[in-house]
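Asks: Protein sequence lines correspond, in order, to chains X and W.
So that you can map any letter, position 280 of the first sequence is 317 in my numbering, and since no number is skipped, the others follow by simple counting.
So that you can map any letter, position 36 of the second sequence is 89 in my numbering, and since no number is skipped, the others follow by simple counting.
Where is the CB? At the ideal position from N, CA and C, for every residue including glycine.
None of the values given here were measured: they were computed from a predicted structure.
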Amino acid sequence: MGARMINFSGWLLPVSYSSIVEEHLWTRENASLFDVSHMGRLEVEGPESVRFLDGLLTNRISSLEVGQCRYTLMLNEDGGILDDLVVYRLGEDRFMLVVNAGTTGSDYEWIGSHLPEGLRLSDRTSELAKVDLQGPRSREVLEAVLGWDVGGLRYFRFVEERWQGLPILVSRTGYTGELGYELYIDADRVLDLWDALLAHPLVRPAGLGARDTLRLEVGYPLYGQDIHTGVSPISANLERFVDWEKEFVGKARLLREKEEGVKRRLIGVRSETRRPFRHGDKVFSEAGEEIGEITSGSYSPSLGLAIGLAYVDVDFKEGDVVRVKGRGDWEARLFSYPFYTEGTVRLSL
Amino acid sequence: MEVREGLLYSKEHEWVKVEGDIATVGITDYAQESLGDVVFVELPEVGRVVSAGEATAVVESVKSASDVYSPVSGEVIEINQAISDSPELVNKSPYDEGWFFKVKMSNQEELSSLLSPEAYKEYVAGL
Numbered sequence: 038m039g040a041r042m043i044n045f046s047g048w049l050l051p052v053s054y055s056s057i058v059e060e061h062l063w064t065r066e067n068a069s070l071f072d073v074s075h076m077g078r079l080e081v082e083g084p085e086s087v088r089f090l091d092g093l094l095t096n097r098i099s100s101l102e103v104g105q106c107r108y109t110l111m112l113n114e115d116g117g118i119l120d121d122l123v124v125y126r127l128g129e130d131r132f133m134l135v136v137n138a139g140t141t142g143s144d145y146e147w148i149g150s151h152l153p154e155g156l157r158l159s160d161r162t163s164e165l166a167k168v169d170l171q172g173p174r175s176r177e178v179l180e181a182v183l184g185w186d187v188g189g190l191r192y193f194r195f196v197e198e199r200w201q202g203l204p205i206l207v208s209r210t211g212y213t214g215e216l217g218y219e220l221y222i223d224a225d226r227v228l229d230l231w232d233a234l235l236a237h238p239l240v241r242p243a244g245l246g247a248r249d250t251l252r253l254e255v256g257y258p259l260y261g262q263d264i265h266t267g268v269s270p271i272s273a274n275l276e277r278f279v280d281w282e283k284e285f286v287g288k289a290r291l292l293r294e295k296e297e298g299v300k301r302r303l304i305g306v307r308s309e310t311r312r313p314f315r316h317g318d319k320v321f322s323e324a325g326e327e328i329g330e331i332t333s334g335s336y337s338p339s340l341g342l343a344i345g346l347a348y349v350d351v352d353f354k355e356g357d358v359v360r361v362k363g364r365g366d367w368e369a370r371l372f373s374y375p376f377y378t379e380g381t382v383r384l385s386l
Numbered sequence: 054m055e056v057r058e059g060l061l062y063s064k065e066h067e068w069v070k071v072e073g074d075i076a077t078v079g080i081t082d083y084a085q086e087s088l089g090d091v092v093f094v095e096l097p098e099v100g101r102v103v104s105a106g107e108a109t110a111v112v113e114s115v116k117s118a119s120d121v122y123s124p125v126s127g128e129v130i131e132i133n134q135a136i137s138d139s140p141e142l143v144n145k146s147p148y149d150e151g152w153f154f155k156v157k158m159s160n161q162e163e164l165s166s167l168l169s170p171e172a173y174k175e176y177v178a179g180l
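1) Within the same chain, show all residues whose beta-carbon is closer than 8 Å to that of residue 311/X, passing over the 5 residues directly before and after it, in chain order.
2) So, using beta-carbon positions, are residue 74/X and residue 178/X closer together than 8 Å?
3) Does DSSP classify residue 304/X as helix, strand or coil?
4) Over the uninterrupted alpha helix (DSSP H) stretch that includes residue 98/X, give me the two end residues.
5) Taking the beta carbon of residue 185/X as the centre, do at least 16 other beta carbons fall within 10 Å, making it buried, or is it exposed?
6) What ranges does the beta strand (DSSP E) occupy inside the segment 197-224 of chain X, keeping only unbroken runs of at least 3 residues that lie completely in it?
7) List the residues of chain W that residue 25/X touches, going by C-beta distances under 9 Å, in chain order.
8) Suppose you measure from the CA of residue 164/W to the CA of residue 177/W; what does that come to, to the nearest Å?
9) Just to make sure I have the definition right: I need the residues of chain X whose C-beta is within less than 7 Å of the C-beta of residue 113/W. Which are they?
10) Quick check on this structure: which residue in 348/X, 231/X, 291/X has the alpha carbon closest to the alpha carbon of residue 170/X?
11) So, does the segment 67-86 of chain W touch the segment 111-126 of chain W, judging by three or more C-beta pairs under 8 Å?
12) DSSP has residue 105/X in a bridge; who is on the other side?
13) Would you mind sorting residue 151/X into buried or exposed? The rule is 16 or more other CB atoms within 10 Å of its CB.
14) Considering Cα atoms alone, identify which of 190/X, 306/X, 118/X, 182/X is closest to residue 386/X.
15) Please tell me whether residue 339/X and residue 254/X are closer than 8 Å, where the distance is taken between their beta carbons.
16) Please name the residue in 108/W, 90/W, 83/W whose C-alpha comes closest to that of residue 58/X.
17) Residues in the same chain with beta-carbon distance under 6 Å from residue 49/X, minus the five sequence neighbours each way, listed in chain order, please.
18) Where does the unbroken alpha helix (DSSP H) through residue 195/W begin, and where does it stop?
19) Between the Cα of residue 373/X and those of 217/X, 383/X, 384/X, 349/X, spot the shortest distance and give me the residue it belongs to.
20) Report yes or no: is there a C-beta of chain W within less than 8 Å of the C-beta of residue 385/X?
21) Enumerated in chain order, which unbroken segments of the beta strand (DSSP E) with a length of 3 residues or greater are wholly contained in the segment 287-337 of chain X?
22) Run down chain X in chain order and give the residues with a C-beta less than 7 Å from the C-beta of residue 92/W.
23) Quick one: grab the DSSP three-state call for residue 62/W.
24) Tell me whether residue 236/X is buried or exposed, calling it buried when 16 or more other Cβ atoms sit within 10 Å of its Cβ.
25) The beta strand (DSSP E) with residue 79/W in it runs from where to where?
26) Hey, could you find the ends of the beta strand (DSSP E) residue 343/X is sitting in?
27) Can you pull the chain W neighbours of residue 365/X, defined as C-beta to C-beta under 8 Å?
28) With C-beta atoms as the reference, is residue 161/X less than 8 Å away from residue 78/X?
29) Check whether the segment 243-261 of chain X touches the segment 284-298 of chain X, counting contact only when three or more Cβ pairs, one atom from each stretch, lie closer than 8 Å.
30) Which of the three DSSP states, helix, strand or coil, is assigned to residue 109/W?
31) Determine whether the beta carbon atoms of residue 72/W and residue 100/W lie at a separation below 8 Å.
32) Is the number of C-beta pairs between the segment 123-135 of chain X and the segment 91-105 of chain X that are closer than 8 Å three or more?
33) Keeping to the same chain, check which residues put their C-beta closer than 7 Å to that of residue 180/X; ignore five residues upstream and five downstream.
34) Could you tell me the boundaries of the beta strand (DSSP E) in which residue 168/X lies?
35) Compare the Cα-Cα distances from residue 125/X to each of 153/X, 182/X, 81/X and report the closest residue.
36) Assign residue 152/W to one of three DSSP states: helix, strand, or coil.
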């Protein structure tokens, strides 16, 4: 397909097929297909796996119904973020955890080291492939190609169906801020699904480059870049994914941090110029004091200006004027993301 | 990928068009293709004196940032404001509307170290 490829956590993946900007804008208007088979898929199964996962993850698992999934964080004892993941309740005592590519191995070990007797943990990454169909037109595409109605599927719900005789799991989830679906199918047959979806005139392939600019516009953090073991859900501005009413690994440390306050917190940075912020650029106050660092930055194709995420001293708030210094030196303002708010992600169908 | 006849090339993927003692500088089709969508360009001040091989402009795409080196020494006498306002011109028209700056050359012998279109084609094929 003439794609530009990069090595990402040991997987050879497409950065773009045509152009990042074109793929980005196409996703905001039509539907794009992303190959995200690099993401890890772990399964936890057995009696009381709910209780086990509730104790391991920050968000509540026990209230998930079968057919529902939820975004959550997994912390170490110090409250540092080991990973961000989506947990699917496949059955009463069976869960799929969709984790980041770079952390699949360490997650498997971490979960395994806490696993009580009687529960089973398996890594299904290589046998189960994953493609994402994202964009406001994705519903009609999916219905045309799969031949069944996904209209009733609400945000963060999934169905297990069959396509050409094969089991396929479809969830209404994604990483773009648009209406979209994530599809899981036998790795041996994923190319058939890919080709069938791509044959639809509203669908074009999109690479990791567009995936990155799309997620940044809606303020979703990227693991390994914006969040990692050096930050907690409080400093990463992800506290809404923490359920304080239950016990979980890392909670004691988080509570202390909440009481004492954090020094820096993740916030958006926005500039009227087009010059992209880059990972590692420093943020300075108007008085010239260094107050933070950019963790993700890009040109925003939807907005036509520079956007980024940065850890900034909590004394500085949205609207404050700052200077970003990297290869360039330019004025920006702190901004409460999301930057782009026109997305169809929560559209009622 | 187009390598245009009548131009000289650097190994850093700039092209030079020579008219008398004026050199117009831009980046090649290969360079714009490798960068992807150009979203920002920083141009030198008119009047700046540059040496051959000196970082003179900056070009940034969604994913990366690169210096643009002046392949010749001399004084910058004109810049292409159009690519500051519409950086996508660098992708759309790298050899025409997407030029970067013009240098009044102080040492035309430097041109002999640049590549011919054929030599540049071979060079790129080997990358």
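Replies: So, from the listed chains and residues:
1) Closer than 8 Å at the Cβ level, and outside the excluded window around residue 311/X, lie 336, 341, 342, 343.
2) No.
3) If DSSP states are grouped into helix, strand and coil, residue 304/X belongs with the strands.
4) Counting along the chain, residue 98/X sits inside no alpha helix (DSSP H), nor does DSSP assign it H or E at all.
5) It is exposed - the Cβ of residue 185/X has fewer than 16 other Cβ atoms within 10 Å.
6) If you keep only unbroken beta strand (DSSP E) runs of at least 3 residues inside the segment 197-224 of chain X, you get 203-208, 217-223.
7) Shown here, chain X extends from 38 to 386; a query on residue 25/X therefore has no answer.
8) Annotation: residue 164/W to residue 177/W spans about 19 Å, alpha carbon to alpha carbon.
9) Per Cβ cutoff of 7 Å: 312, 313.
10) Residue 170/X has its Cα closest to that of 231/X, out of 348/X, 231/X, 291/X.
11) Yes, they touch.
12) DSSP, once it has assigned bridges, lists 194/X as partnering residue 105/X.
13) That one is exposed.
14) Put simply, of 190/X, 306/X, 118/X, 182/X the residue whose alpha carbon is nearest the alpha carbon of residue 386/X is 190/X.
15) In this structure, residue 254/X lies closer than 8 Å to residue 339/X by Cβ.
16) Distances from the CA of residue 58/X to each of 108/W, 90/W, 83/W were compared; the closest alpha carbon is that of 90/W.
17) For residue 49/X, where only same-chain residues beyond five positions count, the Cβ hits under 6 Å are 42.
18) Since the displayed chain W opens at 54 and closes at 180, residue 195/W lies outside it and no answer follows.
19) The alpha carbon of residue 373/X has as its nearest neighbour, out of 217/X, 383/X, 384/X, 349/X, the alpha carbon of 349/X.
20) It does not; no Cβ of chain W falls within 8 Å.
21) Within the segment 287-337 of chain X, the runs of beta strand (DSSP E) that reach at least 3 residues and sit entirely inside it are, in chain order, 301-308, 319-322, 327-337.
22) Under the 7 Å cutoff, chain X gives 311, 313, 336.
23) Residue 62/W: strand per DSSP, three-state reduction.
24) Counting Cβ neighbours within 10 Å, residue 236/X comes out exposed, since fewer than 16 surround it.
25) Element bounds for residue 79/W: 75-80.
26) Run containing residue 343/X: 342-350, per the beta strand (DSSP E) assignment.
27) Going along chain W in sequence order, the residues near residue 365/X (Cβ under 8 Å) are 95, 111.
28) Remark: C-beta atoms of residue 161/X and residue 78/X approach each other more closely than 8 Å.
29) Not touching, per the Cβ criterion.
30) Strand.
31) With respect to residue 100/W, residue 72/W sits apart: the two C-beta atoms are not nearer than 8 Å.
32) With a cut-off of 8 Å, the segment 91-105 of chain X and the segment 123-135 of chain X count as touching, because enough Cβ pairs lie within range.
33) Spatial neighbours of residue 180/X in its own chain (CB-CB distance under 7 Å, excluding positions within 5 residues in sequence) are listed in chain order as 186, 187.
34) Here the beta strand (DSSP E) through residue 168/X covers 165-171.
35) Nearest option by C-alpha distance: 81/X.
36) Correct three-state label for residue 152/W: coil.
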